[in-house]
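Numbering follows our numbering, with no gaps: position 15 of the sequence shown is 138. The beta carbon of each residue, even a glycine, is placed where N, CA and C say it ideally should be. For clarity, every value in this text was computed on a predicted model and none was experimentally measured. Have a look at the structure below, then the notes.
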Amino acid sequence: MQYKILFFSEILGAGGGGIASERIINSFKKHDIKVISISNEKSLSLKIKYFILRLYYRLQRFFLTTSDKFNFNSFNSNIGVYNKKKIYKKIDKFKPDIIVITWIEYLVSLETIYELKKKYNCEVIFIAMDNHLFAGGCRYVNECENYMDKCNNCLALKKWFKSTAIKNYSYYRFYFNKIKPLFMLPSHHAKLFYKKLNLDYRFLEFDFWPIQFENLIKNNNKNKNKDIKKRIIICPIQKFNEPRKGWEYLYYSIIDYQNQLEKEEINIHFIFIGKLENYHIRSFKNFRVSYDYYNYLSRKDLEKLYSESDFGVIPSIQEWASISTNEMMTFGLPVINFMTGSSKNIIIEGKNGFIVNLKNVYELSNKLKTINNMDSRNMHEMKIFTKNYAEKNFKDESFEKKLISFYEYKKRHMISKRDLIV
Numbered sequence: 124m125q126y127k128i129l130f131f132s133e134i135l136g137a138g139g140g141g142i143a144s145e146r147i148i149n150s151f152k153k154h155d156i157k158v159i160s161i162s163n164e165k166s167l168s169l170k171i172k173y174f175i176l177r178l179y180y181r182l183q184r185f186f187l188t189t190s191d192k193f194n195f196n197s198f199n200s201n202i203g204v205y206n207k208k209k210i211y212k213k214i215d216k217f218k219p220d221i222i223v224i225t226w227i228e229y230l231v232s233l234e235t236i237y238e239l240k241k242k243y244n245c246e247v248i249f250i251a252m253d254n255h256l257f258a259g260g261c262r263y264v265n266e267c268e269n270y271m272d273k274c275n276n277c278l279a280l281k282k283w284f285k286s287t288a289i290k291n292y293s294y295y296r297f298y299f300n301k302i303k304p305l306f307m308l309p310s311h312h313a314k315l316f317y318k319k320l321n322l323d324y325r326f327l328e329f330d331f332w333p334i335q336f337e338n339l340i341k342n343n344n345k346n347k348n349k350d351i352k353k354r355i356i357i358c359p360i361q362k363f364n365e366p367r368k369g370w371e372y373l374y375y376s377i378i379d380y381q382n383q384l385e386k387e388e389i390n391i392h393f394i395f396i397g398k399l400e401n402y403h404i405r406s407f408k409n410f411r412v413s414y415d416y417y418n419y420l421s422r423k424d425l426e427k428l429y430s431e432s433d434f435g436v437i438p439s440i441q442e443w444a445s446i447s448t449n450e451m452m453t454f455g456l457p458v459i460n461f462m463t464g465s466s467k468n469i470i471i472e473g474k475n476g477f478i479v480n481l482k483n484v485y486e487l488s489n490k491l492k493t494i495n496n497m498d499s500r501n502m503h504e505m506k507i508f509t510k511n512y513a514e515k516n517f518k519d520e521s522f523e524k525k526l527i528s529f530y531e532y533k534k535r536h537m538i539s540k541r542d543l544i545v
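Written out as structure tokens, the structure is:
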């Protein structure tokens, strides 16, 4: 059955969250959809308002937080560019059956979402891209247990602003109780975190972000300029100074890997992608491995590098689901992940990659040595398995069916309860 679906996503096609949002929306071609995103906004005044809000709260974060290691980024819990009237005007006579929310920071408040739910008598589904959705906006909760006590002793905020954490936490909980949303959780890791919070909203675990294979450049895996003795490992990190991205663990594992080999035995060439600081560049002088590094790349350039590489490494120590892992597998790249995010769901050890215990530098360096010593036949078999696995499991129509089935189950459950009351 076709439904009318209203999507909310702050940004489309930029960064991990924007790419995932875009792919999710593109999965629902059979349905009548409307999308509210600043990426689609034609009104200059609304775009300016959005960027002012974003700048204001980024500055607030700078002055209120104790360390750049914390990413407490939702001081705007009840503020958004779009109010009810603007949304009604945008969707006109479109009456959604389902509201799907991927990312609404600076976009729309939870209060407005609640008003939309009441007006259209529809279901609200949050696709939980990050655990900050459940912890009042803090994106560093994996390193802190204080949110379990409603953030009364928030380590991310200076002591004069502790009440900000409690206010945000309470706001989220208050409106979740009113909205009674459905949650789609993108990994086993996310599900464990959700259960730890003792929330009683219905949820569904899914294993992957949908991929529109027809939009990707073709994987050649036949780079004629490549030294056939080298394994090319690509490491898309985004921000090297963001602790959650795990650069320091990758760095020390590479040092350990190279120190156990003679120079002529090193068969890995590394490609690093992300925003580098000067001290990162200086640290590269300690490498005996060959490498290239790039700043942010266009989708086309990134996919070109994927198509020319042999393996991927995602050193993140806190991920709910790694979009990069999904992407690289579609290009036939086996991937090494720490035990976080969707690694347990989609990596079959030794078949399409390897899973390493969280923050274990020596385990990671051992996997690098395994790849270093892998013969061409085994590498080729891993690539073929990985490509086939991705094409079988990461289809966008599979994601669409999951979300719709989730919605229909809730509707059937509500109807049956209503019948019992009657």
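- Item | Delimiting residues of the alpha helix (DSSP H) encompassing I469 | Here the alpha helix (DSSP H) through I469 covers 466 to 469.
- Message: So for H548, helix, strand or coil by DSSP?
- Response: Limits of the chain in this structure are 124 at one end and 545 at the other, which puts residue 548 out of reach.
- Task: Could you check if K345 is buried or exposed, using at least 16 other CB atoms within 10 Å of its CB as the buried criterion?
- Result: Caution applies to K345, whose pLDDT of 49 falls short of 50 and renders its modelled position unreliable; the value that the coordinates give is listed next. By the neighbour-count criterion, in which 16 or more other beta carbons inside 10 Å mark a residue as buried, K345 falls on the exposed side.
- Burial state of K141, where buried means 16 or more other Cβ atoms lie within 10 Å: Note on identity: in this sequence residue 141 is Gly, with Lys being the wrong assignment. So G141 counts as buried.
- Whole-angstrom distance between R535 and I470, CA atom to CA atom: Between I470 and R535, the C-alpha separation is close to 34 Å.
- Item | From L320, F306, I128, residue whose alpha carbon lies closest to that of K153 | The option with the nearest alpha carbon to K153 is I128.
- Item | CA nearest to the CA of I378, picked from V484, I134, K525, L182 | Checked all of V484, I134, K525, L182; the closest Cα to I378 is V484.
- Going by C-alpha distance, which of Y375, E426, K524, S432 is nearest H503? From the listed residues Y375, E426, K524, S432, the smallest Cα separation to H503 is found for S432.
- Look at the Cβ atom of V158, then the Cβ atom of G203, and state whether they are nearer than 8 Å. Taking a C-beta distance under 8 Å as the contact criterion, V158 and G203 do not qualify as a contact pair.
- Message: Per DSSP, what are the beta-bridge partners of Q361 in this structure?
- Response: Per DSSP, G397.
- Item | Buried or exposed (CB count within 10 angstroms, at least 16 for buried), N495 | Answer is buried; the Cβ neighbour count reaches 16.
- Item | Straight-line Cα distance separating D155 from D220 | If I take the Cα positions, the gap works out to 10 Å.
- Message: Rounding to the nearest angstrom, what Cα-Cα distance links E472 and K209 in this structure?
- Response: Straight-line Cα distance between these residues: approximately 49 Å.
- Buried or exposed for F363, please, with buried defined as at least 16 other CB atoms from any protein chain shown within 10 angstroms of its CB. Around the beta carbon of F363, 16 or more other beta carbons sit within 10 angstroms, so the residue counts as buried.
- Task: Identify whether N348 lies in helix, strand or coil by the three-state DSSP scheme.
- Result: Bear in mind that a pLDDT of 45 at N348, under 50, signals an unreliable position, so the model cannot answer this.
- Assign S528 to one of three DSSP states: helix, strand, or coil. Helix, per DSSP.
- Query: What is the DSSP secondary structure of M452, reduced to helix, strand or coil?
  - Reply: M452: helix per DSSP, three-state reduction.
- Looking only at C-alpha atoms, which of Y532, D498, S150, S488 sits nearest to L384? When Y532, D498, S150, S488 are compared, the shortest CA-CA separation from L384 is found for S488.
- Are the beta-carbon atoms belonging to S447 and I437 less than 8 Å from one another? Against a cut-off of 8 Å, the Cβ pair of I437 and S447 comes out as a contact.
- Item | Entirely enclosed beta strand (DSSP E) segments - the segment 220 to 250, minimum 3 residues | Correct list: 221 to 226, 246 to 250.
- Message: Rounding to the nearest angstrom, what Cα-Cα distance links F249 and P333 in this structure?
- Response: Distance from the CA atom of F249 to the CA atom of P333, rounded to whole angstroms, is 16 Å.
- What's the C-alpha gap between Y402 and T189? Cα atoms of Y402 and T189: separation of roughly 22 Å, rounded to the nearest angstrom.
- Between the Cα of F410 and those of Y229, N254, Y375, F336, spot the shortest distance and give me the residue it belongs to. The residue with the shortest Cα to Cα distance from F410 is Y375.
- Task: Please list, in chain order, all residues of the same chain as E523 whose beta carbon is under 6 Å from its beta carbon, the five residues on each side excluded.
- Result: Closer than 6 Å at the Cβ level, and outside the excluded window around E523, lie S150, F151.
- Task: State the DSSP-derived secondary structure class of L315, mapped to helix, strand or coil.
- Result: Residue state, collapsed to three classes: helix.
- Message: Within 10 Å of its beta-carbon, does M124 have 16 or more other beta-carbons around it, so buried, or fewer, so exposed?
- Response: Its Cβ having fewer than 16 others within 10 Å, M124 is exposed.
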